[in-house]
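Accompanying notes for the structure given below.
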Amino acid sequence: MKAVMYEGIGKISIRDVEKPKIGEDGILVKILYSFICSTDIKTYKQGHPMIKPPTILGHECSGRIVKTGRNVSEFEVGDYVAVAPFVNCGECEQCINGYPEGCRTRDFPSNGAITEFLSIDAGYARKGVAKVSKEKVKEAALAEPMACALTSCRHMELQPGNSALVVGAGIMGMLNAITLRDVYGQTVVITDKRKERLELAEELGFAASSEDTGKYNSIVLTAPVPELIDEYLPRVKLFGNMVLFGGYSKGTKALFDPNIIHYNGVKLTGTTGFASRDFMAAIALINSGKLDLRSFTKRIYEFSDFEEAFKDAVEGRSIKVGIKVGE
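Next up, the structure:
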């Protein structure tokens with residue numbers, strides 16, 4: 008089968024690799040759509056300690072089941088599905104205490120997702136594979152980043168009708184804003200310096216501004232700029248939330264006034280990854296039409312144009328870039 012391989016910093020290629028096999032408890036998924044995420048971009052630009060070349064890139068995907076083992080009863084050939092990039096063990100301290108996104112003994116599919124096929128066992132599938140309608144299969148490939156936003160919001164203290172500011176109108180800023188508004192009933196404002204991103208935010212029904220000075224019950228920083236913590240912390244209302252959503256470079260330091268947290272009761276939290284239950288929740292919301300992610304599925308490249316797709320994603324020309332792998 009064909010696969011997009013990370014060959015080293017600044018190097019990707021398309022290779023013929025062995026097609027994964029399944030056993031009696033296995034499922035073979037033919038990938039239809041795979042999206043390029045920030046981890047893929049970071050790996051391509053600067054490497055990644057957990058991703059050693061050569062490795063098949065990609066983990067945001069959806070597809071169709073083309074083969075099942077004889078012991079598999081929950082899924083059938085022909086089912087359209089979204090596949091989580093990992094599932095939590097359910098047994099470690101983090102999982103037991105209600106923070107499965109911190110699990111360090113995760114299970115993974117057979118390989119990365121910018122390829123033609125994934126092999127998954129039934130145990131994994133029960134926690135990390137969800138059926139989707141044919142009409143929603145493209146949007147369903149975004150279930151993983153959507154789940155990250157759901158996990159983040161689940162740990163915040165949110166009251167319906169409260170206000171929220173999302174700093175950064177990239178894909179994760181948009182998904183956080185959609186989750187805050189459409190799932191948790193917040194009144195949301197988005198701020199960014201990029202005019203085209205603010206225009207998209209307005210098209211999606213959000214108030215958007217390049218210069219916002221208001222105060223909010225919750226502020227989510229999706230841009231990994233440490234100076235923004237000090238800038239926005241005074242603008243969190245009493246007993247509100249500030250969430251550090253963006254991933255900072257190793258060794259980054261930040262300065263801010265701790266008295267604001269102490270005297271104003273601000274809850275300053277970090278968030279990373281997602282819980283398996285939030286992946287399933289994302290799929291349920293996408294299937295139901297409660298979440299409409301079509302605006303983020305417009306830039307789709309053919310599999311043969313993977314190099315141009317990566318160039319588009321790395322240069323930030325599009326808010327989200329996908330690859331149509333199969334039919």
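To convert, count from 1 in the sequence shown and add 7; that's the working numbering. Cβ atoms here follow ideal geometry from the backbone N, Cα and C, with glycine treated the same way. Every value quoted in this text rests on a predicted model; they were computed, and no experiment measured them.
| query | result |
| --- | --- |
| Cβ contact check for the stretch 248–261 and the stretch 109–121: 3 or more pairs under 8 Å | no |
| Range covered by the alpha helix (DSSP H) that runs through Thr50 | Ser45 to Gln53 |
| Integer-rounded CB distance, given that Cys44 should sit under 8 Å from Pro152 | 7 Å |
| Burial state of Met57, where buried means 16 or more other Cβ atoms lie within 10 Å | exposed |
| C-beta contact flag for Gly70 and Val90 at 9 Å | yes |
| Environment of Leu245 [buried if 16+ CB atoms lie within 10 Å] | exposed |
| Ile21 and Phe313 closer than 9 Å at C-beta | yes |
| Residues that DSSP places opposite Leu228 in a beta bridge | Val174 and Leu251 |
| Closest Cα partner of Arg306 within the set Ser256, Ile178, Leu235 and Thr278 | Ile178 |
| 8 Å contact criterion, which Ala132 and Glu81 should meet: CB distance rounded | 7 Å |
| Whole-angstrom C-beta distance between Leu275 and Asp237, which should lie under 8 Å | In fact, because the Cβ distance is near 12 Å, the residues do not count as touching under 8 Å. |
| DSSP-derived helix/strand/coil call for Ala215 | strand |
| Whole-Å CB distance - Val88 paired with Ile72, under 8 Å assumed | 6 Å |
| In chain order, each beta strand (DSSP E) run of at least 3 residues that lies wholly inside the stretch 261–296 | 274–277 |
| Buried or exposed by the 16-neighbour rule on C-beta atoms within 10 Å, applied to Ser140 | exposed |
| Assigned exposure category for Lys143 - 16 Cβ within 10 Å defines buried | buried |
| Contacts around Tyr239, its chain only, beta-carbon distance under 6 Å, and the 5 residues preceding and following it disregarded | Ile226 |
| Bridge partners - Val36, DSSP secondary structure assignment | Ile72 and Leu125 |
| Local conformation of Thr186 per DSSP, three classes | helix |
| Straight-line gap, Val243 to Gly221 (C-alpha atoms, nearest Å) | 9 Å |
| Three-state secondary structure (DSSP) of Ile326 | coil |
| Inter-residue CB distance, Pro27 and Leu125 (contact presumed, cutoff 8 Å) | 7 Å |
| At least 3 beta-carbon pairs within less than 8 Å: the stretch 146–166 vs the stretch 205–222 | no |
| According to DSSP, residues forming a beta bridge with Gly15 | Lys18 |
| Burial state of Arg324 (16 or more Cβ within 10 Å) | exposed |
| Nearest to Gly15 (by Cα), restricted to the options Val328, Asp285 and Tyr51 | Tyr51 |
| CB contact flag (Leu39, Val190, <9 Å) | no |
| Proximity to His162 [Cα-Cα], best of Asp86, Asp32 and Asp285 | Asp285 |
| Residues near Leu228 by beta carbon distance below 8 Å, same chain, minus five either side | Val174, Gly175, Leu235, Ile236, Tyr239, Met249, Val250, Leu251, Phe252 and Gly253 |
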